[in-house]
DNA sequence: ATCTAAATTGGAATGATTCCGAAATGAAAA
DNA sequence: TTTTCATTTCGGAATCATTCCAATTTAGAT
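Here is the structure:
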């Protein structure tokens, strides 16, 4: 289940997307920092080390492209930069209120706060569940 | 369980917060538009109608104050304005990908997409579960 | 080697939100 | 009622992540 650079590069080809030095550097940054759920800034800084020329605009465009093509998953927050996850499997994000770190808690497993604390040492103070999709009205209309 | 203006005003007093025309207008806007999960802009516009003088800065400051004091709940999104909910009971937010409307789906009730669709007409395409709290490291440190 | 659509660039624009110092004002005390 | 002062309000500037743009470069197919 662990995704590697080659997998992502392969997906790029499948989708007919071009392989550029910038994209390779970004893929590298994504995979090497997978456990930190990196944001655009971190990826930008890491990518710069590998490819001499990368702009922030490109990083944003590329992360968007990758997300839309299902290579990675974008985690959107309000007070935090967006964060990116190369792990597409079902899991819960445990987000620290103080340091902002995001840990993964894989399911199936108990979602009881007590069990989560015992297994991961993470104390839950707030739960947020959103279901995204289409409401009755929007389903009626063409779109 | 339906919260009224008087309840919110009472809470203001309990917390030692001052009752101002601006705050009354904002409370009014929050309660009267509860089902729309209004954002700062809508509240601003509605509040203007009731109180001759209200600034956007005040609306933001007030919504923040109210949220911090538990009068209302702030729903944070990335692509959307923050939205506010006067209903603090446990429920799931059903967010339309197209029009952005947010409906409440009260729990306990099945979270199976099929059941949700049958009961609310809402088709789920994506589920997002976040648990916020404190990670192991941050719990160790004073703060 | 040529060609073209796709990718990259930097800088400007956006939009929600916060920050600031100054002015106004609830409401408690005198 | 008047005084007092911490709280609230104000408008405008600042912030910050992100998107947009028009111009330039380039990957990869022919």
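Chains as they are written, first to last, in this note's numbering: chain F, 4 to 146; chain W, 4 to 146. Built from N, CA and C at the ideal position, the CB exists for glycine as well.
With DSSP as the reference, please indicate the residues paired to residue i in a beta bridge.
{"i": "residue 99 of chain W", "result": "F:136"}
{"i": "residue 30 of chain W", "result": "Looking at the DSSP assignment, residue 30 of chain W forms no beta bridge with any residue, so it has no partner."}
{"i": "residue 87 of chain W", "result": "W:77"}
{"i": "residue 94 of chain F", "result": "F:109"}
{"i": "residue 126 of chain W", "result": "F:137"}
{"i": "residue 42 of chain F", "result": "F:86"}
Do residue j and residue i count as a contact pair if the criterion is CB distance below 8 Å?
{"i": "residue 197 of chain W", "j": "residue 81 of chain W", "result": "Nothing can be reported for residue 197 of chain W: it is not among the residues displayed for chain W, which extend from 4 to 146."}
{"i": "residue 43 of chain W", "j": "residue 72 of chain W", "result": "no"}
{"i": "residue 32 of chain W", "j": "residue 49 of chain W", "result": "yes"}
{"i": "residue 79 of chain W", "j": "residue 98 of chain F", "result": "no"}
Does the beta carbon of residue i come closer than 8 Å to any beta carbon on chain F?
{"i": "residue 69 of chain W", "result": "no"}
{"i": "residue 82 of chain W", "result": "yes"}
{"i": "residue 62 of chain W", "result": "no"}
{"i": "residue 9 of chain W", "result": "no"}
{"i": "residue 129 of chain W", "result": "yes"}
{"i": "residue 19 of chain W", "result": "no"}
Three-state secondary structure (DSSP) at residue i?
{"i": "residue 81 of chain W", "result": "coil"}
{"i": "residue 131 of chain W", "result": "strand"}
{"i": "residue 13 of chain W", "result": "helix"}
{"i": "residue 22 of chain F", "result": "coil"}
{"i": "residue 57 of chain F", "result": "coil"}
{"i": "residue 48 of chain W", "result": "helix"}
{"i": "residue 67 of chain W", "result": "helix"}
{"i": "residue 3 of chain F", "result": "Examination of residue 3 of chain F is not possible in this model, given that chain F is present from 4 through 146 alone."}
{"i": "residue 8 of chain W", "result": "helix"}
Taking Cβ positions only, does residue i come closer than 8 Å to chain W?
{"i": "residue 44 of chain F", "result": "no"}
{"i": "residue 79 of chain F", "result": "yes"}
{"i": "residue 38 of chain F", "result": "no"}
{"i": "residue 136 of chain F", "result": "yes"}
{"i": "residue 104 of chain F", "result": "yes"}
{"i": "residue 75 of chain F", "result": "no"}
{"i": "residue 119 of chain F", "result": "yes"}
{"i": "residue 89 of chain F", "result": "no"}
{"i": "residue 142 of chain F", "result": "yes"}
{"i": "residue 72 of chain F", "result": "no"}
{"i": "residue 97 of chain F", "result": "yes"}
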